[in-house]
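Some notes on the structure that comes next.
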Amino acid sequence: MRREHFYRNKKALKRSAAGAALALFLALQITGCSQTADQNKADRKTEQAQGTDKPKDAGNNESGPEKTREVGEAGEAGREPSPDGSQADAEAAADQGDGVIEFKPGMPIKEGVQAPDFTGELIDGTSITLSELQGKPVIINFWATWCGPCVKEMPAFERLKDDFGDKIGIIAVNCGDDAGTVKDFVEENGYTFPVVLDEEYSISMLYPTNSIPYTVVVDAEGKVTHISTGALDADTMYERYKEALGV
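According to mature numbering (1 follows the signal peptide of the UniProt record, and there is no 0), the stretch in the sequence shown is residues -36 to -1, 1 to 211, in order.
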């Protein structure tokens, strides 16, 4: 009987001890958390007083002495071209006297870039290379026989050839039509300016665009100076291209 009473008391004592330990642990946890929170608040107030506290998006809106110094150095060094080859790059390079922005394959052509060089097969079986025309302005037109605006403006190129001859270069790159279709179209209309076959779009991919007609003018040094899409009547386009060519 005494032994049973002892075991009952022993179990009760253990439960009491465990309960006391749990209560002590929770009390210590609460005290610790409270102290940590108070310390964090105090540290934050100190940082704010010292001007070192940053907003969550400080990576995008950082200010202070270090950022000011970086901006100052960038201002002294001049604007740096952005990595995406945008129009701002061309303007920045012009300001710095770089002259030409490097062309990046797959990116849309921008004014100020060196025009991608290419060699294309003409409808008579010979070939033409863009870089061989350096020394005079060149107009490159991307077109197709099924494209109404393309066909409508094409007399402008024949007129430019007749009026300025060897002073300018003209390359009309047909996009995707087969050789027979292009030859028949050119002969039927009596065009004599160079027409390049691009059935596999190998040249067109160097000058990516969302629509045709697409026209690029290159200066005597091979730099792109004019880009346009779409077309009006031949007379209107003649005047626009004449101005763009500087003739």
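A virtual CB, placed ideally from N, CA and C, is assigned to each residue, including glycine.
Worksheet item: Can you round the beta-carbon distance between Gly133 and Lys100 to whole angstroms, since I take them to be within the 8 Å contact cut?
Response: Right, the Cβ-Cβ distance comes to about 6 Å (below 8 Å), so this counts as a contact.
Worksheet entry | Inter-residue CB distance, Lys125 and Thr156 (contact presumed, cutoff 8 Å) | 7 Å
Discussion item. Any contact between the segment 140 to 152 and the segment 175 to 195? By contact I mean 3 or more CB pairs, one from each, below 8 Å.
Written reply: no
Fill in: Three-state secondary structure (DSSP) of Asp162
The DSSP-derived three-state label of Asp162 is strand.
Discussion item. Between Val150, Cys111, Phe149 and Glu185, which has its C-alpha nearest Leu97's C-alpha?
Written reply: For Leu97, the nearest C-alpha among the options comes from Glu185.
Item to complete: Could you check what DSSP says for Gly129 in three-state terms: helix, strand or coil?
Response: helix
Worksheet entry | Reduced DSSP category for residue 279 - H, G, I as helix; E, B as strand; rest coil | Examination of residue 279 is not possible in this model, given that the chain is present from -36 through 211 alone.
Practice prompt. Identify, in the order they occur along the chain, each residue of the same chain with its Cβ nearer than 6 Å to the Cβ of Val137, setting aside the five sequence neighbours on each side.
Written response: Phe106, Val160, Asp162 and Ile167
Worksheet item: Do three or more CB pairs link the segment 75 to 95 to the segment 110 to 126 at distances below 8 Å?
Response: no
Fill in: Where Thr200 sits in the DSSP three-state scheme
helix
Discussion item. Helix, strand or coil for Glu185? Go by DSSP, reduced to three states.
Written reply: coil
Worksheet item: For Ser95, does the three-state DSSP call read helix, strand or coil?
Response: Correct three-state label for Ser95: helix.
Worksheet item: Would Asp141 be called buried (16 or more neighbouring beta carbons within 10 Å of its own) or exposed?
Response: Under this definition Asp141 is a buried residue.
Discussion item. Buried or exposed, going by whether 16 or more other CB atoms sit within 10 Å of the CB of Pro158?
Written reply: buried
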